[in-house]
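What follows is a short report on a single structure.
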Amino acid sequence: MLDTQVHWLPVEQIAPNPHQPRREFAPGPLAELAESIRRHGIIQPLSVRRRDDGWELIAGERRLRAAKLAGLQTVPCLEMQVDEQDSAILALIENIQRRDLHYLEEATAIAAYLRQSGSTQEEAAALLGRSPSALANKLRLLRLSPDCCRLLTEHDLTERHARALLRLEDEEERLNALHHIIRHHLNVAQTEQYIDKRLAQLQTTPPSGRRVFLLKDVRLFLNSLDRGLRLVREAGIGAESRREDTEDAILLTIRIPKNRRVG
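This is the structure in structure tokens:
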């Protein structure tokens, strides 16, 4: 519920939103906003909620910081009757609507909201006005290591650069690719071509030890297949299998009758 009465609150009594998704505020744009506030004031009030020890910001962190920078003692605020969970989603929505929230900050904030609220990805997607697939793709970015995320942020690389890196499964390969992208100033298309080339190289020259893992995976598959066939036979279906090992392959022939065995 929103109280339409504007409250002028002391800036020092407004605690930041602990669920604020934005971690970095560029000093240049912040200084420009502070100068605008000095000249024209704050046009859009901040959103706050009442706490036992004062007030907590819901939305408007950038305006609050700029107001402090401009030397304002009080700022206009609208009180909202929301709980901590709603406060978190409102802060996230405001930042997404501004469209200048870094994609890694957005992914981190969405993941935090899912953990805190217990909501499903489908429910969160509906709240944020996203498709479930778009939200899932955003969350996949969190598979990148802190080192990769730091380099992506420091060098202002795009979300599509980050998505291309996800195609490499090995962390060392990702970091090597990322350093190559940075060193050669690759755009998105060049990055995707480079990843394609690197993946092709990895497939033709697998690292040492790779064959052992593949053999282990094949054995697991064959064991699972044998268990499945036993279950089929126990159900009264006369399934038959024949296995032939060659030098470079395992040939399997499985015969399952269409009609259940009688008897």
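If you read the sequence shown in full-length UniProt numbering, its first letter stands for residue 1, the second for the next number, and so on. Here a beta-carbon is modelled for each residue, glycine too, at the ideal position from N, C-alpha and C.
query                                                                                                                    : result
Stretch pair the stretch 51–70 + the stretch 133–147: three plus CB contacts closer than 8 Å                             : no
Which residues DSSP lists as bridging Arg-255, in chain order                                                            : Glu-240
Buried versus exposed, by CB contacts within 10 Å (16 or more), Gly-228                                                  : exposed
Whether Gly-60 touches Leu-78 by CB criterion (7 Å)                                                                      : no
Sub-7 Å separation of Arg-39 and Ala-70 beta-carbons                                                                     : no
Arg-49 vs Val-82 beta-carbon contact at 7 Å                                                                              : yes
Of the listed residues Leu-152, Ser-117 and Glu-234, nearest to Glu-105 (C-alpha basis)                                  : Leu-152
CA-to-CA distance, Cys-149 to Ile-14, given in whole angstroms                                                           : 31 Å
Reduced DSSP secondary structure (H/G/I, E/B, other) of Gly-118                                                          : coil
Where Glu-32 sits in the DSSP three-state scheme                                                                         : helix
Expected contact under 8 Å - CB spacing of Thr-30 and Ala-66 to nearest Å                                                : One point to set straight first is that residue 30 is Leu, not Thr, in the sequence displayed. The Cβ separation is near 6 Å, so the contact holds.
Outcome for Gln-20 when other beta-carbon atoms lying within 10 angstroms are tallied against a minimum of 16            : buried
Residues of its chain near Lys-258, where Cβ-Cβ distance is below 8 Å and the 5 sequence neighbours each way are ignored : none
Under the three-state DSSP convention, the category Ala-15 falls into                                                    : strand
Close beta carbons around Ser-131, own chain, < 7 Å, minus the five adjacent residues each side                          : Ala-125
Leu-116 versus Ile-254: straight-line alpha-carbon distance, rounded                                                     : The sequence given here places Gln at residue 116; Leu does not occur at that position. Answer to the nearest angstrom: the Cα atoms are 49 Å apart.
Residue from His-102, Leu-101, Glu-94 and Ala-136 whose Cα sits closest to the Cα of Leu-114                             : Ala-136
Per-residue DSSP class, three states only, for Val-82                                                                    : coil
Pick from Leu-220, Ala-164, Phe-25 and Ala-88 that is closest to Gly-118, judged by C-alpha positions                    : Ala-88
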